[in-house]
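Residue numbers (the numbering used here), protein chains in the order written: chain U, 210 to 539; chain F, 280 to 793.
Structure, as structure tokens:
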């Protein structure tokens with residue numbers, strides 16, 4: 210698998226380099242890093258730090274999409290887990306807080322997985338239910354207020370540093386490695402790709418396709434819950450109305466930029482996370498450039514189009530013909 | 280018909296066509312000549328390059344080299360539509376029309392008779408009716424195309440193509456899903472069109488039909504032209520030699536030698552097994568080293584029996600036993616766990632995972648059987664894939680190629696490899712030779728015998744009665760979703776099977792037999 214990465218990820222790596230170069234032009238200090246109080250600071254670190262929630266979401270989302278599904282509820286799950294974490298933070302220890310918040314994500318994932326795998330609902334409709342209801346549940350937990358906390362443990366989770374890296378970045382990196390180890394270290398990766406590629410054929414080959422589908426939604430829920438805890442820890446409070454709002458779309462975008470087809474099958478965890486970083490690098494660049502943030506959405510659309518064009522076989526065919534024409538003229 | 284073309288002058292002339300996909304050379308300097316008014320069979324094994332040639336000529340694939348001349352003028356269509364406008368029409372095995380639209384709408388799609396920008400439905404229906412009448416078809420043209428048989432859909436596609444002023448008509452496996460009577464009708468139409476001066480390219484695996492209908496034959500092998508002959512002066516054995524490049528292995532004589540009954544141990548048994556509304560309860564014993572054939576017409580319950588035996592469908596009565604011990608078969612996973620394997624009839628939708636590589640497709644069932652926590656390492660996967668690619672002669676011999684890019688026969692071999700890799704005790708094969716050329720056909724039949732000699736138990740479904748008779752030790756005959764007869768030993772012949780299928784329906788139940 211790793212041997213395939215450079216060739217498969219070429220479009221994404223090129224896109225990231227181009228965007229970084231543009232960022233360097235609009236903000237000359239973009240690549241500057243400095244160490245202060247045992248923590249690295251700089252725009253690049255900001256990109257990583259801000260990109261963490263979407264990166265975590267995309268880790269779960271890429272597996273769901275690989276089974277030919279989609280999970281629209283991850284933003285709502287972030288709100289639920291953030292609300293639980295904030296409500297418990299000042300009265301309980303970090304392990305309890307984490308267990309409760311991640312447990313909630315697991316239950317949400319089980320619910321989605323049950324609807325899709327067992328009841329056979331269409332993923333987009335099944336997860337729409339929790340997307341709507343989840344935010345309501347989060348508001349019930351916070352009783353409609355913005356719940357703040359001061360527990361140093363949880364604050365550290367959002368703002369501390371490990372070996373100079375912000376804790377959220379370290380967590381995201383850890384989750385990428387863990388997910389990669391589980392998925393590619395076991396047969397899960399192959400069986401997920403087979404399920405997404407042709408569920409009927411996989412079922413007949415003895416693959417437990419239901420279990421595969423159930424497990425990816427559960428993992429997606431857990432990843433979303435972790436993203437929700439980090440987002441709450443970052444702002445030292447939970448806002449049930451706005452936590453994770455529309456982030457499910459960024460996560461889907463990250464997966465698609467990472468080259469995984471919405472029709473399921475082949476997937477790449479690393480490229481999905483790279484997709485999340487591409488999105489965040491753009492966001493940060495536009496903020497630094499001083500342009501109004503409204504431009505953000507347009508620029509994002511253009512870059513997404515560019516990456517997708519680079520991946521499209523038809524487009525590379527066109528590029529090949531253009532190159533041949535130039536050669537014959539010369 | 281003003282100055283009808285000289286019959287000897289070529290209508291379609293293809294010279295030196297080459298086409299590569301990456302490193303694979305699919306066609307190498309192939310020539311092909313079609314005269315006006317002739318029916319020309321294009322033959323070759325799976326992967327010989329027939330489909331590629333058709334697609335290059337009709338502009339679906341761009342060609343690397345060569346010329347195509349139509350009526351003496353060079354043409355280079357860039358799409359199937361452009362080819363159609365130039366006068367080259369293709370009708371594929373899977374008819375590419377719109378089943379949800381009416382027959383008339385399909386016939387006049389893109390060119391509906393209009394008045395003031397509104398489609399004139401009545402006029403369209405009337406013209407559709409006249410057009411189809413030419414082809415001896417009298418049907419309700421306002422009904423959706425999908426509600427008619429494949430034969431009617433084929434004739435509709437041909438009528439549309441011819442009405443679009445086609446001079447060359449390419450028919451890719453048109454008879455694969457037609458019954459004998461429908462084939463006769465189609466042949467009548469083909470002869471009629473040829474009489475009008477249209478040149479017809481006929482691609483088929485059915486050699487009987489080729490001899491019945493074609494004037495000349497062009498044979499391709501491994502992307503190269505083997506030769507072009509007059510059908511009447513080409514002996515069948517010579518044709519097969521041209522297609523295979525080797526003597527066809529004897530398949531019929533192998534059978535006779537191994538027919539004497541031997542006492543064998545029971546591998547799996549099914550007592551009063553069935554599912555209401557699916558298959559009537561049946562008794563079936565499958566022994567090691569034995570091939571049991573399932574014969575019957577389409578819809579007689581053959582595939583249904585296979586799915587029950589494998590566990591793809593849940594029985595609601597009866598008892599299944601494996602090596603004498605009662606087992607539960609509620610899902611394919613159960614079947615796989617007990618050492619069963621199942622190659623379904625619909626390879627594309629139920630068999631292969633097109634996007635994944637040959638290697639991944641081969642190890643899929645074995646990996647599913649081993650479970651998540653015991654992954655096959657890349658080296659083990661490579662080893663297994665290499666072994667079966669070699670053993671079954673899967674071409675091209677590249678384990679990392681997506682299986683969707685292989686020809687039908689090679690995909691079938693990949694599916695066989697998938698199950699052989701699990702070291703099964705029972706293999707259920709549903710139409711293992713359908714849509715597969717002569718060479719792969721003979722190989723798969725030989726393989727069935729070999730597997731059987733290794734002690735495997737096989738349950739094989741086939742519509743080809745000759746084939747079933749060739750390799751079966753016992754034949755179960757089905758009719759109307761019930762097992763009605765079991766033939767063994769000397770009683771196995773095509774006549775007896777046909778007699779059983781055609782027998783009076785009164786004496787269906789055979790519950791007492793065990």
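Using N, Cα and C, we set each Cβ at its ideal position, and we do this for glycine too.
Values in this document were obtained by computation on a predicted structure and should not be read as measured data.
In its own chain, which residues sit with a C-beta less than 6 Å from the C-beta of residue 241 (chain U), not counting the 5 before and 5 after it?
251
With DSSP run on the structure shown, which of helix, strand or coil describes residue 490 (chain U)?
helix
Give me the residue from F:305, F:375 and F:352 with the minimum Cα distance to residue 341 (chain F).
Put simply, of F:305, F:375 and F:352 the residue whose alpha carbon is nearest the alpha carbon of residue 341 (chain F) is F:305.
Please report how far the alpha carbon of residue 686 (chain F) lies from the alpha carbon of residue 369 (chain U), in whole angstroms.
58 Å
Classification of residue 514 (chain F) by the beta-carbon crowding that lies within 10 angstroms, buried from 16 upward:
exposed
Output needed for residue 703 (chain F): all residues of its chain with C-beta closer than 8 Å, excluding positions within five of it in sequence on either side, in chain order.
Hits under 8 Å: 618, 619, 620 and 735.
Continuous alpha helix (DSSP H) stretch holding residue 609 (chain F): start and end
No alpha helix (DSSP H) holds residue 609 (chain F); DSSP gives it neither H nor E.
Could you pull the DSSP bridge partners for residue 298 (chain F) from this structure?
F:306
How would you list, in chain order, the residues of chain F whose beta-carbon sits under 8 Å from the beta-carbon of residue 406 (chain U)?
For residue 406 (chain U), the neighbours in chain F by C-beta distance under 8 Å run, in chain order, 632, 633, 634 and 635.
Taking 8 Å as the CB-CB cut-off, is residue 629 (chain F) touching chain U?
yes
Bridge partners - residue 446 (chain U), DSSP secondary structure assignment
U:357
I need the straight-line Cα distance from residue 670 (chain F) to residue 234 (chain U), nearest angstrom please.
60 Å
What in chain F is Cβ-close to residue 400 (chain U), meaning under 9 Å?
643, 646, 647 and 651
Taking the alpha-carbon of residue 754 (chain F) as reference, which of F:763, F:760 and F:767 has the nearest alpha-carbon?
F:767
Residue 497 (chain F) by DSSP, collapsed to three states: which one?
strand
Under 8 Å between the Cβ atoms of residue 320 (chain F) and residue 483 (chain F)?
Contact flag set, yes.
Test item: CB-CB of residue 263 (chain U) and residue 490 (chain U) under 8 Å:
no
Residue-chain proximity (residue 457 (chain U), chain F), Cβ-Cβ < 8 Å
no
Under 8 Å, Cβ to Cβ, is there at least one residue of chain F near residue 477 (chain U)?
no
Chain U contacts made by the stretch 574 to 603 of chain F, where a contact means CB separation under 7 Å
591
Leaving aside the five residues before and after residue 454 (chain F) along the sequence, list all residues of the same chain whose C-beta is less than 7 Å from its C-beta, in chain order.
Cβ neighbours of residue 454 (chain F) within its own chain (closer than 7 Å, five residues either side excluded): 462, 465, 483, 485 and 488.
Of all Cβ atoms in chain F, is any one closer than 8 Å to the Cβ of residue 437 (chain U)?
No, residue 437 (chain U) does not count as interfacial toward chain F.
Please confirm whether residue 309 (chain U) and residue 289 (chain U) have their CB atoms less than 8 Å apart.
no
Hey, how far is the Cα of residue 478 (chain U) from the Cα of residue 393 (chain U)?
10 Å
Within its chain, find whatever has a CB closer than 8 Å to the CB of residue 297 (chain F); leave out the 5 residues flanking it on each side and keep chain order.
304, 306, 307, 308, 309, 342, 343, 344 and 345
Whole-angstrom C-beta distance between residue 481 (chain U) and residue 464 (chain U), which should lie under 8 Å:
5 Å
I'd like to know whether the C-beta of residue 277 (chain U) is nearer than 8 Å to at least one C-beta of chain F.
no
Measure from the C-beta of residue 557 (chain F) to each C-beta in chain U and report whether the shortest distance is under 8 Å.
no
Inter-residue spacing [alpha-carbon to alpha-carbon] between residue 507 (chain U) and residue 344 (chain U):
28 Å
Residue 550 (chain F) and residue 598 (chain F) closer than 8 Å at C-beta
yes
Quick one: any contact between the stretch 544 to 563 of chain F and the stretch 590 to 608 of chain F, if contact means 3 or more CB pairs under 8 Å?
yes
Closer than 7 Å at the beta carbon, the chain U residues around residue 621 (chain F):
Chain U residues near residue 621 (chain F): 413.
Cα-Cα separation between residue 415 (chain F) and residue 333 (chain F), rounded to whole angstroms:
28 Å
For residue 329 (chain F), which residues in the same chain have their Cβ closer than 7 Å to its Cβ, ignoring the five residues on either side in sequence?
Within the same chain, residue 329 (chain F) has close Cβ partners 321, 323, 482 and 499.
Could you tell me which of F:680, F:638, F:705 and F:445 sits nearest to residue 660 (chain F), measuring between CA atoms?
F:638
I want to know whether the stretch 374 to 388 of chain F touches the stretch 416 to 429 of chain F - three or more CB-CB distances under 8 Å.
yes
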